[in-house]
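One structure is given below, encoded as structure tokens.
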Ligand code: SF4
Ligand code: SF4
Ligand code: SF4
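In this note's numbering, the protein residues as written are 56 to 338.
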């Protein structure tokens, strides 16, 4: 099912199955991709390095070609994809409830909790917040640099709890194909460390889609305390002194729902993106 065609692609149980991974011989792909994560982080698009990519993307002809090539790489399906470039690796932001539903009902076992590659590469920080599962767990187990010494394999219940802890801390939940159509990761991301969010926010590449939801703030309940503003990783919330309320820029909202956790006045909820005419289909 193509993204946005009337349903949640991540609710399809088959996309998590070990059988699907075997059918497409994806273990080999995952081993190659994960062994080369450090290289992948400085990956090139058509021979152009990522240094100064923003400028190159703005160039009239080269920029257009680069964008086309990058999108093709990100969404490539089937044969010919290159694991060293992580072809076919993209994801979508999720609210906590959907991520927990996946971990409780759909994720293939075994489930593991490992260090986030993006934070490690960007800041040298080891933060065990990535929840991976199915055949990917066995691949990561062999890569000591991503494996926490205290605990690696976790139960479904522990995964659900870990996700909640991370989400309440302000991390954005996301679900990932690697590669499409095999789903094997629920991440807890932060911007700009997350490679996927960075490519999306800085260059508009569809490495990460917006959630199926969008935020709604009740102006009658909002007390203007501003607590929610700093929780938003996408700069979608702004305090307006003239009305002493927070307002949302719907175009910027990814629907992660993280801002809800700090509102003591129950003023924030998320609603289906499809119910907001100007935002339906804006992924
Ligand atoms: S996608 Fe998110 S959690 Fe996963 S490795 Fe990157 S920042 Fe970390
Ligand atoms: S946290 Fe709640 S009450 Fe405070 S500004 Fe945000 S929406 Fe308003
Ligand atoms: S405003 Fe939207 S993007 Fe920002 S934290 Fe709230 S739900 Fe997430």
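The beta carbon of each residue, even a glycine, is placed where N, CA and C say it ideally should be. Since this is a predicted model, take the numbers as computed values, not measurements.
- In the three-state reduction of the DSSP assignment, residue 208 falls in the strand class, which pools E and B.
- At a threshold of 7 Å, residue 325 counts as near ligand 3, since its beta carbon sits closer than that to one of the ligand's heavy atoms.
- Of 270, 177, 65 and 77, the smallest CA-CA separation from residue 246 is found for 177.
- Of the heavy atoms belonging to ligand 3, at least one sits nearer than 7 Å to the Cβ of residue 291.
- Counting only runs of 3+ residues, the beta strand (DSSP E) found wholly inside the stretch 220-275 occupies 227-232, 238-244 and 268-272, in chain order.
- Between residue 126 and residue 252, the C-beta gap is not smaller than 8 Å, which leaves the two residues out of contact.
- Per DSSP, residue 184 is not a residue of any alpha helix (DSSP H); the beta strand (DSSP E) it occupies stretches across 183-188.
- For residue 318, no alpha helix (DSSP H) segment is defined, and its DSSP state is neither H nor E.
- DSSP places residue 304 in the coil class of the three-state scheme, outside both helix and strand.
- In the DSSP assignment, residue 115 falls within the unbroken alpha helix (DSSP H) covering 115-130.
- Separation of residue 200 and residue 143 (C-alpha to C-alpha, rounded to the nearest whole angstrom) is 24 Å.
- When only Cα atoms are considered, residue 188 and residue 240 end up about 6 Å apart.
- Sixteen is the threshold: since fewer than 16 other Cβ atoms of the shown chains lie within 10 Å of the Cβ of residue 332, the residue is exposed.
- In the displayed model, residue 157 falls within a helix according to three-state DSSP.
- The three-state reading of DSSP puts residue 70 in helix, counting H, G and I together.
- In the structure shown, residue 84 falls within a helical segment according to DSSP collapsed to helix, strand and coil.
- Pairwise C-beta distances place the stretch 220-238 out of contact with the stretch 273-284, as fewer than three of them are shorter than 8 Å.
- Taking a contact as a CB-CB distance under 8 Å, the pair residue 128 and residue 140 counts as one, their CB atoms being some 6 Å apart.
- Ligand 1 has no heavy atom closer than 7 Å to the beta-carbon of residue 300.
- Separation of residue 111 and residue 287 (C-alpha to C-alpha, rounded to the nearest whole angstrom) is 29 Å.
- Excluding the 5 residues flanking it on each side, residue 303 has same chain C-beta neighbours closer than 7 Å at 270, 272, 291 and 292, in chain order.
- Our two residues, residue 158 and residue 74, have alpha carbons roughly 18 Å apart in a direct line.
- Here the alpha carbons of residue 242 and residue 137 stand approximately 22 Å from one another.
- Residue environment for residue 94: exposed (fewer than 16 other C-beta atoms within 10 angstroms of its C-beta).
- The shortest C-alpha to C-alpha distance from residue 122 to any of 317, 254 and 87 is the one to 254.
- Bounds of any beta strand (DSSP E) do not take in residue 200, whose DSSP letter is neither H nor E.
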